[in-house]
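**Student:** Submitted below is the structure of interest, expressed as structure tokens.
2 protein chains.
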Amino acid sequence: MSLASALDRIDAALPASLERLFAFVRLKSISADPAYADEVRMAGTWCVAELEGLGFEASLRETPGHPMVVAHWTGPVADEARHVLFYGHYDVQPVDPLHLWRSDPFDPKIEVQDGVKVIVGRGAADDKGQTLTFIEAVRALLAEDGRLPVRVTVLLEGEEESGSPSLEPFLAAHKDELARDVALVCDTNMWARRRPAITASLRGLVGEEVTIACADRDLHSGLFGGPAWNPIRLLTHVLADLHDADGRVTLPGFYDGVGDLPDEVWKSWEALGTTEATFLAPVGLKTPAGEVGRSILEQVWARPTCEFNGILGGYTGDGFKTVLPATASAKVSFRLVVGQDPAKIREAFRAHVRDRLPPDATASFHPHGGSPGLALPWDSPWLKVGLTALEAEWGVPAVVIGGGGSIPVVGSFERILGMRSLLVGFGLDDDRIHSPNEKYDLESFHKGIRSWARILTALAE
Amino acid sequence: MSLASALDRIDAALPASLERLFAFVRLKSISADPAYADEVRMAGTWCVAELEGLGFEASLRETPGHPMVVAHWTGPVADEARHVLFYGHYDVQPVDPLHLWRSDPFDPKIEVQDGVKVIVGRGAADDKGQTLTFIEAVRALLAEDGRLPVRVTVLLEGEEESGSPSLEPFLAAHKDELARDVALVCDTNMWARRRPAITASLRGLVGEEVTIACADRDLHSGLFGGPAWNPIRLLTHVLADLHDADGRVTLPGFYDGVGDLPDEVWKSWEALGTTEATFLAPVGLKTPAGEVGRSILEQVWARPTCEFNGILGGYTGDGFKTVLPATASAKVSFRLVVGQDPAKIREAFRAHVRDRLPPDATASFHPHGGSPGLALPWDSPWLKVGLTALEAEWGVPAVVIGGGGSIPVVGSFERILGMRSLLVGFGLDDDRIHSPNEKYDLESFHKGIRSWARILTALAE
Chain A
1 MSLASALDRI DAALPASLER LFAFVRLKSI SADPAYADEV RMAGTWCVAE
51 LEGLGFEASL RETPGHPMVV AHWTGPVADE ARHVLFYGHY DVQPVDPLHL
101 WRSDPFDPKI EVQDGVKVIV GRGAADDKGQ TLTFIEAVRA LLAEDGRLPV
151 RVTVLLEGEE ESGSPSLEPF LAAHKDELAR DVALVCDTNM WARRRPAITA
201 SLRGLVGEEV TIACADRDLH SGLFGGPAWN PIRLLTHVLA DLHDADGRVT
251 LPGFYDGVGD LPDEVWKSWE ALGTTEATFL APVGLKTPAG EVGRSILEQV
301 WARPTCEFNG ILGGYTGDGF KTVLPATASA KVSFRLVVGQ DPAKIREAFR
351 AHVRDRLPPD ATASFHPHGG SPGLALPWDS PWLKVGLTAL EAEWGVPAVV
401 IGGGGSIPVV GSFERILGMR SLLVGFGLDD DRIHSPNEKY DLESFHKGIR
451 SWARILTALA E
Chain B
1 MSLASALDRI DAALPASLER LFAFVRLKSI SADPAYADEV RMAGTWCVAE
51 LEGLGFEASL RETPGHPMVV AHWTGPVADE ARHVLFYGHY DVQPVDPLHL
101 WRSDPFDPKI EVQDGVKVIV GRGAADDKGQ TLTFIEAVRA LLAEDGRLPV
151 RVTVLLEGEE ESGSPSLEPF LAAHKDELAR DVALVCDTNM WARRRPAITA
201 SLRGLVGEEV TIACADRDLH SGLFGGPAWN PIRLLTHVLA DLHDADGRVT
251 LPGFYDGVGD LPDEVWKSWE ALGTTEATFL APVGLKTPAG EVGRSILEQV
301 WARPTCEFNG ILGGYTGDGF KTVLPATASA KVSFRLVVGQ DPAKIREAFR
351 AHVRDRLPPD ATASFHPHGG SPGLALPWDS PWLKVGLTAL EAEWGVPAVV
401 IGGGGSIPVV GSFERILGMR SLLVGFGLDD DRIHSPNEKY DLESFHKGIR
451 SWARILTALA E
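So the sequences go chain by chain: A and B. Numbering of the first sequence is given in the UniProt record's numbering, commencing with residue 1 and proceeding in unit increments. Numbering of the second sequence is given in the UniProt record's numbering, commencing with residue 1 and proceeding in unit increments.
Structure (structure tokens):
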């Protein structure tokens, strides 16, 4: 059977795969720093060359920012009816503070850390290592068979670490070229070492900045304290009213469309053994703050929240000033789950604020982002294919997990291309992505390649 | 009668009095700026020379900061049984932003503004002009009579505009020399142009900075939003609970000892014509925020408050960060009226905070000031003497007003010297003290001198 031979081939070729990853990591593709623009482009060009070397029709596509890599497999495939898009990114985070790195971030090496072989370097995991797991799987399948199980298009972005400003316009302009049956995205983590996972749901986000204004200038609390409205006082009332005593959000209609977990999912999450203690103790906490009666994982992966991310008003320096400020403001965010409408939540928040203000106060609002929660249906065939292939590779059932945060590209695929995403990644929570001494387990890289070979093969069946 | 001649003498000597005020203003006695330390001392020396010239035993007294001026009238007096302390200050506020001054702040001049003659310069009102109203009155009485109506000690401070760090130790060290029957303080305003006032009550202040801490680091709201306690959320609950729907402070025992106004005082304040509109419209407000059922002047002069002077937590820069901060803090102040105990109020606030926190949160507190409210009894003989003398000079009844803020020296006199203060001043709300283009009405200066001559004379009767 060709899959078994392909897997053997992957094992045998691991040193060569690693060499390619090292070459990729050596390119300093820091997208956020304009000084590295040429190196970002070199990394994109490197990807094009690799994909062309595999027989893809690959090209670097200009954008107002860093270029995109788009590559199409136009050779033979086993199942012509199925066409997937692979997404990864070739840019990396900045490396400062550089002095905290134990070695040059762009001179990758294998180290043994706590008895485990790891690849150290900026981008070793995020997302060069993860991206290559897919490309190296494709390489093995082609070497084995001369064809791929399904038709494949590859999209590699060069601006993921700097806010993806060009992504959505690019998707919109190349819908026909990029909208496929499903997106395979390799930028997430496993549940734990040797416990693979598929991230099947992501919370959305509505961000709002609210500023409450009262008097037309700062006032002295000796002269005006009492009669004059204090915007900090009003802001605290408005915000304090957003949660009830059970930790639920009080906005009317906030929970409309929020479904309960299927029993089997709830049980599988319980079985993961995450408790209030294991989750909260590492950050110095003991008791959960979220909705009463919901487990920790449910609170993070499957329940919407309202959080206050910033608040500012009056005098906040050293010492004390008896000022009554003219304005006070807060940054408020709502994490949303699938079924909630970001626009409705935003409007409900604004109404909540306005309804609580006296005639002397005005509220102004500035929106920061609005994206819905996303989820693969629990019975999605993509999910089943992924779970089966991962269990075959790792020898344990893969976990269906949620993501508490957003991955914007997944929302963009859904909204612009009408395409679902299957999020399979081999990172670990201790990979220190975005931090000094980023690493990727050698096993993640190796078994990641094998996992994609299995998934691609299974997609054709 | 010698008072009438003394008043004539004041009128005739006004140009000479003005010359002395100009000389005084020319001394750049900015106490907050160490670069002006020599000029501050020169201003103190100038005061000593003036008082010695009048026959006082005057001296400059060293402190760890700027020196004090202490002067005793040891010559003949009409009523040996009565001994008053006059308090003023010879230092001034900084002058920046200098470019907003229309002329040199230390080159005083007479200008006509809106048809009114005013003295322009830093300290023209606060407190050089006000201080000289008393000294020039003494000069006239001595010139007329060779004696003073009562025994007089003068204390002039050089650090009033920089927090009076040396005042209390100095008072404590010189109790016998400074504790007199009553303090006459000239550092306050009239009710309005040609409407003299005595400030008979001042609100005290308890300042508290509270910091609420939850997790031991900042967290990402995608990963921890829901389960992790957010100190901003807790802070808003704690603060929002401090006022009820009627604007009253909810701390248990907060209103203990707070008396209602005597009917005649309430009526006299109502007669002043201050309405919600006249008080609030100048700062862009319409409806009062204080206790329901209390007039505006009652709210500012006779009722305690709780105000939020600053609040800070999380990310407050441009844009948005989905951070759950580790801490959030607020600066909270309570304005107190006579009868309230600052220590009890502080403790009640701390208990209020602690009672509302979950086990995962801690609160730390930093005190900023704690002074009780102060008031002359409504039937105080000092008040009567002052009111009668002021009405005689200005031709209209003087108003007994309250001060919404604190004047620390009055509390220090009461606490350390066991001495009440009679606060009579001739400033106007539009004098721009502490701001560019400070001025003092020529009429305030002239009739201020005449007023003190009358008050001093009446004190002996």
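The beta-carbon is built from N, C-alpha and C at its ideal position, and this holds for glycine as well.
With a cut-off of 8 Å, does the C-beta of A/Val323 fall near any C-beta of chain B?
**Tutor:** Within the first sequence, residue 323 of chain A is the residue found at index 323, counting from 1. True, the Cβ-Cβ gap to chain B drops below 8 Å.
**Student:** Per DSSP, A/Leu155 forms a beta bridge with which residues?
**Tutor:** Walking along the first sequence from the start, residue 155 of chain A turns up at place 155. A/Leu155 pairs with A/Val70 and A/Tyr87.
**Student:** Where does A/Gly369 sit, in a helix, a strand or coil, going by DSSP?
**Tutor:** Along the first sequence, read from residue 1 onward, the residue named residue 369 of chain A stands at position 369. Of the three classes helix, strand and coil, the one that applies to A/Gly369 here is strand, per DSSP.
**Student:** With a threshold of 8 Å between beta carbons, is B/Val210 in contact with chain A?
**Tutor:** As a first step, residue 210 of chain B must be located in the second sequence, where it is residue number 210. Cβ-Cβ to chain A under 8 Å: no for B/Val210.
**Student:** Flag A/Thr316 as yes if its beta-carbon sits less than 8 Å from any beta-carbon of chain B, otherwise no.
**Tutor:** Walking along the first sequence from the start, residue 316 of chain A turns up at place 316. Yes, contact with chain B.
**Student:** Taking the straight line between their C-alpha atoms, what separation do you get for B/Ala13 and B/Ala137?
**Tutor:** Counting from 1 along the second sequence, the entry for residue 13 of chain B is found at position 13. Counting from 1 along the second sequence, the entry for residue 137 of chain B is found at position 137. About 11 Å.
**Student:** Return the residue from the list A/Gly259, A/Glu39, A/Val300 and A/Asp431 that minimises the CA-CA distance to A/Tyr90.
**Tutor:** Mapped onto the first sequence, residue 90 of chain A falls at position 90. If we check each option's Cα against that of A/Tyr90, A/Glu39 comes out closest.
**Student:** Hey, would you say B/Pro358 sits closer than 8 Å to A/Phe279, going by beta carbons?
**Tutor:** Residue mapping note: residue 358 of chain B aligns to position 358 of the second sequence, counting from 1. Residue mapping note: residue 279 of chain A aligns to position 279 of the first sequence, counting from 1. No, the pair does not count as a contact, with Cβ atoms beyond the cut-off.
**Student:** Suppose only complete runs of 4+ residues qualify. What are the alpha helix (DSSP H) ranges in the segment 222 to 283 of chain B, listed by chain order?
**Tutor:** The segment 222 to 283 of chain B contains these whole alpha helix (DSSP H) runs: 231 to 240, 263 to 270 and 276 to 280.
**Student:** How big is the Cα-Cα spacing for A/Phe86 and A/Ser444?
**Tutor:** One-based indexing of the first sequence puts residue 86 of chain A at position 86. One-based indexing of the first sequence puts residue 444 of chain A at position 444. Approximately 18 Å between the Cα atoms of the pair.
**Student:** Pick out whichever of A/Leu171, A/Trp46, A/Tyr255 and A/Ala215 has its Cα sitting closest to the Cα of A/Ala58.
**Tutor:** Here residue 58 of chain A is taken as the residue at index 58 of the first sequence, counted from 1. Considering only alpha carbons, the answer is A/Trp46.
**Student:** Looking at chain A, which residues of the segment 348 to 363 of chain B have a Cβ within less than 8 Å of any of its Cβ atoms?
**Tutor:** Here the close residues are Pro358, Pro359 and Asp360.
**Student:** Less than 8 Å between the C-beta atoms of A/Val210 and A/Ala363, yes or no?
**Tutor:** Taking the first sequence and counting its residues from 1, one reaches residue 210 of chain A at position 210. Taking the first sequence and counting its residues from 1, one reaches residue 363 of chain A at position 363. Their beta carbons are under 8 Å apart, which means A/Val210 touches A/Ala363 by this criterion.
**Student:** With DSSP as the reference, please indicate the residues paired to B/Asp126 in a beta bridge.
**Tutor:** Position 126 of the second sequence, counted from the first residue, corresponds to residue 126 of chain B. Per DSSP, none; premise fails for B/Asp126.
**Student:** Which residue's Cα is closest to the Cα of B/Asp441: B/Ala302, B/Asp126, B/Leu54 and B/Lys28?
**Tutor:** As a working mapping, residue 441 of chain B is identified with position 441 in the second sequence. It is B/Asp126.
**Student:** If you draw a straight line from the alpha carbon of A/Thr256 to that of B/Ala277, how long is it in whole angstroms?
**Tutor:** Stepping through the first sequence from its first residue, residue 256 of chain A is reached at position 256. Stepping through the second sequence from its first residue, residue 277 of chain B is reached at position 277. One detail in the question is off: residue 256 of chain A reads as Asp in this sequence, not Thr. Near 45 Å, if we compare the C-alpha coordinates of B/Ala277 and A/Asp256.
**Student:** Per the DSSP calculation, A/Arg346 is bridged to which residue(s)?
**Tutor:** Residue mapping note: residue 346 of chain A aligns to position 346 of the first sequence, counting from 1. DSSP, once it has assigned bridges, lists no residue as partnering A/Arg346.
**Student:** In angstroms, rounded to a whole number, what distance separates the CA positions of A/Leu261 and A/Asp318?
**Tutor:** Working through the first sequence from its first residue, we reach residue 261 of chain A at position 261. Working through the first sequence from its first residue, we reach residue 318 of chain A at position 318. Cα to Cα, A/Leu261 sits roughly 49 Å from A/Asp318.
**Student:** Taking 8 Å as the threshold, find out whether the segment 21 to 29 of chain B comes into contact with the segment 103 to 120 of chain B through three or more Cβ pairs.
**Tutor:** The segment 21 to 29 of chain B vs the segment 103 to 120 of chain B: in contact.
**Student:** Going by DSSP, which residues form a beta bridge with B/Tyr440?
**Tutor:** If you number the second sequence from 1, residue 440 of chain B lands on position 440. For B/Tyr440, which the question treats as bridged, DSSP gives the partners B/Ile119.
**Student:** Kindly list, in the order they appear in chain D, the residues whose Cβ is closer than 7 Å to that of B/Asp216.
**Tutor:** Checking the listed chains, one finds no chain D in this structure; the protein chains it contains are A and B.
**Student:** Run through the DSSP bridge pairs and tell me what A/Glu57 is partnered with.
**Tutor:** Sequence index remark: in the first sequence, residue 57 of chain A carries index 57 (1-based). According to DSSP, A/Glu57 bridges with A/His72.
**Student:** When the Cα atoms are used, what is the spatial distance from A/Asp355 to B/Arg450?
**Tutor:** By 1-based counting over the first sequence, the position of residue 355 of chain A is 355. By 1-based counting over the second sequence, the position of residue 450 of chain B is 450. A/Asp355 and B/Arg450: Cα-Cα distance of roughly 56 Å.
**Student:** Looking at chain B, which residues of the segment 384 to 412 of chain A have a Cβ within less than 8 Å of any of its Cβ atoms?
**Tutor:** Flagged, chain order: Gly403, Gly404, Gly405 and Ser406.
**Student:** Return the residue from the list B/Ser31, B/Ala37, B/Asp79 and B/Ala16 that minimises the CA-CA distance to B/Glu159.
**Tutor:** By 1-based counting over the second sequence, the position of residue 159 of chain B is 159. It is B/Ser31.
**Student:** Could you tell me whether the Cβ atoms of A/Pro304 and A/Val337 are closer together than 8 Å?
**Tutor:** Locating residue 304 of chain A in the first sequence gives position 304, where the first residue counts as 1. Locating residue 337 of chain A in the first sequence gives position 337, where the first residue counts as 1. Taking 8 Å as the Cβ cut-off, A/Pro304 and A/Val337 qualify as a contacting pair.
**Student:** At what residues does the alpha helix (DSSP H) containing B/Phe413 begin and finish?
**Tutor:** Position 413 of the second sequence, counted from the first residue, corresponds to residue 413 of chain B. Looking at the DSSP string, the run of the alpha helix (DSSP H) that includes B/Phe413 is Pro408 to Leu417.
**Student:** Between A/Gly402 and A/Thr188, how many whole angstroms is the CB-CB distance? I'm expecting something under 8 Å.
**Tutor:** Residue mapping note: residue 402 of chain A aligns to position 402 of the first sequence, counting from 1. Residue mapping note: residue 188 of chain A aligns to position 188 of the first sequence, counting from 1. The Cβ separation is near 11 Å, so there is no contact.
**Student:** Using 8 Å for Cβ pairs, my map puts B/Arg420 next to B/Val182. What's the rounded Cβ distance?
**Tutor:** Position 420 of the second sequence holds residue 420 of chain B. Position 182 of the second sequence holds residue 182 of chain B. Indeed, because the Cβ distance is near 6 Å, the residues count as touching under 8 Å.
**Student:** Report the residue from A/Leu324, A/Trp301 and A/Ala302 whose alpha carbon sits nearest the alpha carbon of A/Leu312.
**Tutor:** Here residue 312 of chain A corresponds to residue number 312 of the first sequence, with the count starting at 1. Answer by Cα proximity: A/Leu324.
**Student:** How should B/Val120 be labelled, buried or exposed, when 16 other C-beta atoms within 10 angstroms of its C-beta is the threshold for buried?
**Tutor:** As a first step, residue 120 of chain B is located in the second sequence; it is residue number 120 there, counting from the start. Buried is the call here.
**Student:** State whether the segment 366 to 381 of chain A contacts the segment 205 to 225 of chain A, with contact taken as three or more CB pairs (one from each stretch) at a distance under 8 Å.
**Tutor:** Yes, the segment 366 to 381 of chain A touches the segment 205 to 225 of chain A.
**Student:** Mind listing which residues of the segment 230 to 245 of chain A have their C-beta closer than 7 Å to chain B's C-betas, in chain order?
**Tutor:** Cβ contacts with chain B come from Asn230, Ile232, Arg233, Thr236, His237, Leu239, Ala240 and His243.
**Student:** Could you check how far apart the C-beta atoms of A/Leu251 and A/His352 are, in whole angstroms? I think they sit under 8 Å.
**Tutor:** Here residue 251 of chain A refers to the residue found at position 251 of the first sequence. Here residue 352 of chain A refers to the residue found at position 352 of the first sequence. With a Cβ gap of about 6 Å, A/Leu251 and A/His352 count as contacting.
**Student:** Which residues in the same chain as B/Met1 place their Cβ atom closer than 8 Å to its Cβ, once the five residues preceding and following it in sequence are excluded?
**Tutor:** Residue numbering aside, residue 1 of chain B sits at position 1 when the second sequence is read from its first letter. Low per-residue confidence applies at B/Met1: pLDDT is 48, beneath 50, and the placement is therefore not dependable enough to give any value.
**Student:** Relative to chain A, which residues along the segment 278 to 309 of chain B have a C-beta separation below 7 Å, given in chain order?
**Tutor:** Within the segment 278 to 309 of chain B, the residues whose Cβ lies closer than 7 Å to some Cβ of chain A are Phe279, Leu280, Val283, Gly284, Leu285, Lys286, Thr287, Pro288, Ala289, Gly290, Ile296, Gln299, Val300, Arg303, Thr305, Glu307, Phe308 and Asn309, listed in chain order.
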